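The next block holds one structure in the form of structure tokens; read it before the comments.
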Amino acid sequence: MKRGVYRMRPALKRVLWGGQRLQRLFAKDAPLTDKVGESWEVSALSGMESVDLDSSKLLSELWKEEARHLGGHGHPPQFPLLVKFLNCEAQLSVQVHPDDAAAKRLRGASCGKREAWWILEAAPGAWIDFGFKPGTTADDVRRHLATTPDGIAQLLMRRPVKAGEIWHVAPGTVHAPGPGIVMLEVQQASDVTFRLHDWGRAEPGVGRRPLHIQEALEVLDYTPAMAPVAWVDASARTQVLLETPAFRLEARRIDGVCDALVRSLSVVVCLEGQGTVQAMKDSSALRPGTTVLLPAGASIARFEGENLLLAWIQPAQS
858 MKRGVYRMRP ALKRVLWGGQ RLQRLFAKDA PLTDKVGESW EVSALSGMES
908 VDLDSSKLLS ELWKEEARHL GGHGHPPQFP LLVKFLNCEA QLSVQVHPDD
958 AAAKRLRGAS CGKREAWWIL EAAPGAWIDF GFKPGTTADD VRRHLATTPD
1008 GIAQLLMRRP VKAGEIWHVA PGTVHAPGPG IVMLEVQQAS DVTFRLHDWG
1058 RAEPGVGRRP LHIQEALEVL DYTPAMAPVA WVDASARTQV LLETPAFRLE
1108 ARRIDGVCDA LVRSLSVVVC LEGQGTVQAM KDSSALRPGT TVLLPAGASI
1158 ARFEGENLLL AWIQPAQS
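Under my numbering, the first residue of the sequence shown carries the number 858, and numbering increases by one thereafter.
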């Protein structure tokens, strides 16, 4: 039977740069001794799939069985989004993502990796390395990586960040979030990442993570990268934060009862407050860290709560 609300259980990823903020902030199910860096809230990628709590089915299974109900008419063959929480306790690797054409050419992937960051927490003085300094060339990058790999940091634009900022990470943009940041990451359903530098870190029992320098050099964009593209407005009930060729990101605030139209597949992530959502006689409690899918077939959803702040994410319409 088709449902109106799909409650998702995330896949958690332990990483060198992670910590315990996701367990503390969003009650993610992992020991407080674990260095959790990512909570894949909505994912149909093999090995890191989220699970529908009511049916215990992987998201890829649901999509195979109910794509028309979930995604509507003209739905893509694969689930189109990947939504994560990230906890950056240390700086991430210097990396870049390809666009659709490059991902297909270099990796045989179905799509590239355009993404957006919603900064949820930023420690005093928090920063990200984002884009190259003006005038940087491919030869500069090659020279630094070949002689003094850590020196690539000298080529990057270091930018301060604050909670409430929205950053658009377009394909080709070099980036490396710094420590002290918790974010919601919205992206295409791809995990294709080309690492340029990983600060010499090694996984216990595994060794250093692979680099992908040649592939990265093929997709890097040296034009100046954009500063934050939006800021969350605490007074706005509905705010379109970002529209890209791959997805749309909104902030919605609810205090009381609100009926919302569901015109297409919607991923709804609760960031603040307490409440409920109901559609087609199905319902779910909402608290910080809760993620639900609202199918295109639901048509309308009723939200009720106090001081709810929701991230509302939809794939771009084909």
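We put the CB at the ideal spot given by N, CA and C, even for glycine. None of the values given here were measured: they were computed from a predicted structure.
Pairing Trp-974 with Glu-1042 gives a Cβ-Cβ distance under 7 Å.
Annotation for Ser-917: the continuous alpha helix (DSSP H) segment containing it runs 916 to 928. In the DSSP assignment, the residues bridged to Pro-1017 are Trp-984. When the Cα atoms are used, Glu-1060 and Arg-1066 turn out to be separated by approximately 7 Å. Checking the DSSP bridge columns, you'll see Asp-1055 has no partner listed. In the three-state reduction of the DSSP assignment, Ala-1082 falls in the coil class.
In terms of Cα proximity to Asn-1164, the closest of Glu-1072, Leu-1002, Leu-1099, Ala-1093 is Ala-1093.
Secondary structure of Asp-909 (DSSP, three-state): strand. When DSSP states are grouped into helix, strand and coil, Lys-892 belongs to the coil group.
The beta carbon of Leu-916 is closer than 8 Å to those of Met-865, Val-899, Ser-900, Ala-901, Glu-906, Ser-907, Val-908, Asp-909, Phe-936 in its chain, skipping five residues each way along the sequence. CA-CA distance, Gln-1174 to His-1069, rounds to 32 Å.
Within the region 991 to 1042, the runs of beta strand (DSSP E) at least 3 residues long that lie entirely inside it are, in chain order, 1013 to 1017, 1022 to 1026, 1032 to 1034.
Put simply, the backbone Cα of Lys-914 is about 22 Å away from that of Gln-1171.
C-alpha of Lys-961 to C-alpha of Val-940: approximately 21 Å in a straight line.
Residue pairing by DSSP places Pro-1172 opposite Phe-1104 in a beta bridge. The secondary-structure analysis by DSSP pairs Glu-1072 with nothing; it has no beta-bridge partner. In this structure, Asp-891 lies away from Arg-878, with their beta-carbon atoms at least 7 Å apart. Collapsing the DSSP output to three states places Ala-973 in a strand. In the DSSP assignment, Lys-941 is bridged to Trp-897, Glu-1042. Burial check for Leu-1150: the Cβ neighbour count within 10 Å reaches 16 or more, so the residue is buried.
Where Ala-887 is concerned, there is no enclosing alpha helix (DSSP H), because DSSP gives it neither an H nor an E.
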